[in-house]
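Peer 1: Residue numbers are given in the working numbering: position 16 of the sequence shown equals residue 16, and the series is strictly consecutive.
Beta carbons are placed, not taken as given, at the ideal position from N, Cα and C, and that holds for glycine.
The structure displayed is predicted, hence computed values, not measured ones.
Quick one: this structure, given as structure tokens, is what I'll be asking you about.
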Amino acid sequence: MTAGKTLAEAAARLTAAGVDEAELNAQWLLADAMGVPRLNLLAAPGLPVGAAALRKFKKGLALKEQGLPLAYILGWQDFRDIRIKVDKRVLVPRPETEELAGLAAAFLRTRKGVLSAMDYGSGSGAIGLWLAKEFPALLLKSVEKSARALACAAENAAALGLADRVEFIRASTLEAIGGVVDLIVSNPPYIPTGVIPGLAPEVLSEPRMSLDGGGDGLDVARMLVRLAPSKLKKGGALLLELGGSQAKKLLAAMPDTVWKAKRTHKDLNGVERFIFAKV
Ligand SMILES: C[S@@+](CC[C@H](N)C(=O)[O-])C[C@H]1O[C@@H](n2cnc3c(N)ncnc32)[C@H](O)[C@@H]1O
């Protein structure tokens, strides 16, 4: 069996199962099973697929048909230029969150002295660990309510050689955290509770705690806006990722007496998704 034929059959199966981006999913799964770069499969569709690779591929394909996120099957997700281990303990980092990390880096580049940042609701650790990699002297607090997610973030920090600059803190409110930092960055759970039952099966296989933001989705974000000023250095910033219409709504509720230079940023799809504000 060749890679090209295997891919064509698999893509047809995934399409029939209602899986989005069937071809791309099939390519990633086969590349992983064969241990070759994905683009090699496209460049050389005549490559033979060995028996062991085919077995592994079929297992992955079956999981994908059942609606498991691709990253859980592969066991990793690329985030900017680092590879993050992911599994069902954590949300799969999204492309928009790579943009949030980029905004965080742009702000940190404006700061002087010993840099410190807090990744609140760190999940797999992606945002904060990428920042720690990008800023070799950055001290990071990786804060999580879920012990299982925090363990995943710690595994990622160790794998990336960053653990000595990361403090892992299990907490469910900013109140519990001592000290002040230059930046608090967060992609909190922001999906309104009532919307969750209608989400795609892939999303529903991610931890409920990483999705559910309460009645209007803003429970954790509101807590951060309320408490962040006492956890930031002078001139420090809060950066949040939110859903659709939420950023504008929350920004309007941030008092000008506390927050300076407050604004929303659009993501690459033109959605006003991010809030930036300084104290
Ligand atoms: C949307 S996920 C983001 C994960 C990761 N930062 C990312 O961007 O991929 C939100 C994370 O916040 C955590 N979380 C939920 N409520 C929290 C709370 N009250 N305090 C701290 N973390 C919380 C969840 O467990 C989850 O890991």
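(1) Is A247 near ligand 1 - that is, is its Cβ less than 8 Å away from at least one heavy atom of it?
(2) Taking Cβ positions, are L174 and P189 nearer each other than 9 Å?
(3) Could you give the DSSP three-state label for F135: helix, strand or coil?
(4) What would DSSP say about T2, mapped onto helix, strand or coil?
(5) Got a sec: is the Cβ-Cβ distance from G18 to anything in chain C below 9 Å?
(6) Going by beta carbon distance, what residues of the same chain come within less than 6 Å of P192, once the five residues before and after it are set aside?
(7) Just to confirm, does A293 get its C-beta within under 8 Å of one of the non-hydrogen atoms of ligand 1?
(8) Quick check on this structure: which residue in D81, R80, Q66 and F57 has the alpha carbon closest to the alpha carbon of L74?
(9) Using the Cβ count rule (16 or more neighbours within 10 Å means buried), how would you classify V225?
(10) Rounded to whole angstroms, what is the Cα-Cα separation between I275 and E202?
(11) With G102 as the anchor, note down where its beta strand (DSSP E) starts and where it stops.
(12) Since I84 is in the beta strand (DSSP E), which residue starts that stretch and which ends it?
(13) Using the three-state DSSP reduction, which class does D32 fall into: helix, strand or coil?
(14) Taking DSSP's pairing of strands, which residues face F168 in a bridge?
(15) Following the continuous alpha helix (DSSP H) through I191, name the residue where it begins and the one where it ends.
Peer 2: For this structure:
(1) no
(2) no
(3) coil
(4) strand
(5) Here chain C cannot be found, since the structure has a single protein chain.
(6) D216 and G217
(7) Residue 293 lies beyond the residue range present for the chain, which begins at 1 and ends at 279; the question has no answer from this structure.
(8) F57
(9) buried
(10) 27 Å
(11) Element bounds for G102: not the beta strand (DSSP E) but the alpha helix (DSSP H), P95 to L108.
(12) I82 to K85
(13) helix
(14) S142
(15) No alpha helix (DSSP H) holds I191; DSSP gives it neither H nor E.
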